[in-house]
Amino acid sequence: MLRSLSTLRLIPKPTTTLYCRPFSTPARQVPKKTTSALGVQTVKPWGELSTPEKVVVASKTTVNVGVILAGVTLTSAIVYYIGSELFGSQSATSIFSDAVDRIRKHEELVSVLGEPIKGHGEPSRNSRRRNRRITSQVVEDQNNEPHLFMRFYVEGPENQGTVMLEMIKNDQKKWEYKTLYVDVPGQGYGSQRFYLERK
Numbered sequence: 032m033l034r035s036l037s038t039l040r041l042i043p044k045p046t047t048t049l050y051c052r053p054f055s056t057p058a059r060q061v062p063k064k065t066t067s068a069l070g071v072q073t074v075k076p077w078g079e080l081s082t083p084e085k086v087v088v089a090s091k092t093t094v095n096v097g098v099i100l101a102g103v104t105l106t107s108a109i110v111y112y113i114g115s116e117l118f119g120s121q122s123a124t125s126i127f128s129d130a131v132d133r134i135r136k137h138e139e140l141v142s143v144l145g146e147p148i149k150g151h152g153e154p155s156r157n158s159r160r161r162n163r164r165i166t167s168q169v170v171e172d173q174n175n176e177p178h179l180f181m182r183f184y185v186e187g188p189e190n191q192g193t194v195m196l197e198m199i200k201n202d203q204k205k206w207e208y209k210t211l212y213v214d215v216p217g218q219g220y221g222s223q224r225f226y227l228e229r230k
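Quick note on this note's numbering: the sequence shown kicks off at 32 and runs consecutively.
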């Protein structure tokens, strides 16, 4: 008996799709990350990782720790350098502060300059500029001994002066004064030089 064409059902033939790779490199097995019910990826425990996965995880951890340690080291070095420059007893800032304190305690200079006495770096045309550079230089003599030279300015209500100092290193490798003097220009008279240290 023949069935009519309308009653026949066609059964589709299963087809296979071939995936062609453009290169001949072997396919990589990407480890699957497990996903929790909330859609958050969780990490496999160490014991479930294969050897290549353990190598990758260990390498990432090593690089991260290395970057953190390098950052901490660099930050510590910068903080130490700034701290020693600003607060160290052998820094130019500390030497400047000590010299200004000595000048403030010198009775003759106090009487010539007046009080209060202020110290500052190079004069500036900008009256609002507060931080003025203090000129200092370390030079070695013929015996390779370092000498620190510094020039700055002091002023009081009555007059102003130029401070020059020279320091050398003692047996403990610390700076000590060789000369410290202040030149005060005379008003109608010759300038006066006041020695605070002379060796």
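Glycine included, C-beta positions come from ideal geometry on N, C-alpha and C.
Rounded separation between residue i and residue j - CA only
{"i": "H178", "j": "K200", "result": "7 Å"}
{"i": "D129", "j": "Y208", "result": "11 Å"}
{"i": "L227", "j": "Y111", "result": "33 Å"}
{"i": "P83", "j": "S90", "result": "11 Å"}
{"i": "Q121", "j": "Q223", "result": "29 Å"}
{"i": "T93", "j": "G78", "result": "19 Å"}
{"i": "R164", "j": "G145", "result": "24 Å"}
{"i": "T166", "j": "M198", "result": "14 Å"}
{"i": "W206", "j": "E171", "result": "14 Å"}
{"i": "V98", "j": "V86", "result": "18 Å"}
{"i": "S142", "j": "A123", "result": "27 Å"}
Residue i (DSSP reduced to helix, strand or coil)
{"i": "G221", "result": "coil"}
{"i": "I199", "result": "strand"}
{"i": "V96", "result": "helix"}
{"i": "P177", "result": "strand"}
{"i": "V185", "result": "strand"}
{"i": "L211", "result": "strand"}
{"i": "V170", "result": "strand"}
{"i": "G192", "result": "strand"}
Cβ neighbour criterion (16 or more within 10 Å) applied to residue i
{"i": "G187", "result": "buried"}
{"i": "Q168", "result": "exposed"}
{"i": "L211", "result": "buried"}
{"i": "L105", "result": "exposed"}
{"i": "G114", "result": "exposed"}
{"i": "Q203", "result": "exposed"}
{"i": "G102", "result": "exposed"}
Whole-angstrom C-beta distance between residue j and residue i, which should lie under 8 Å
{"i": "G150", "j": "V185", "result": "5 Å"}
{"i": "N190", "j": "V215", "result": "6 Å"}
**OP:** Just list the alpha helix (DSSP H) runs in the region 120-144, keeping only unbroken ones of 4 residues or longer that don't cross its boundaries, in chain order.
**Re:** 123-136 and 138-144
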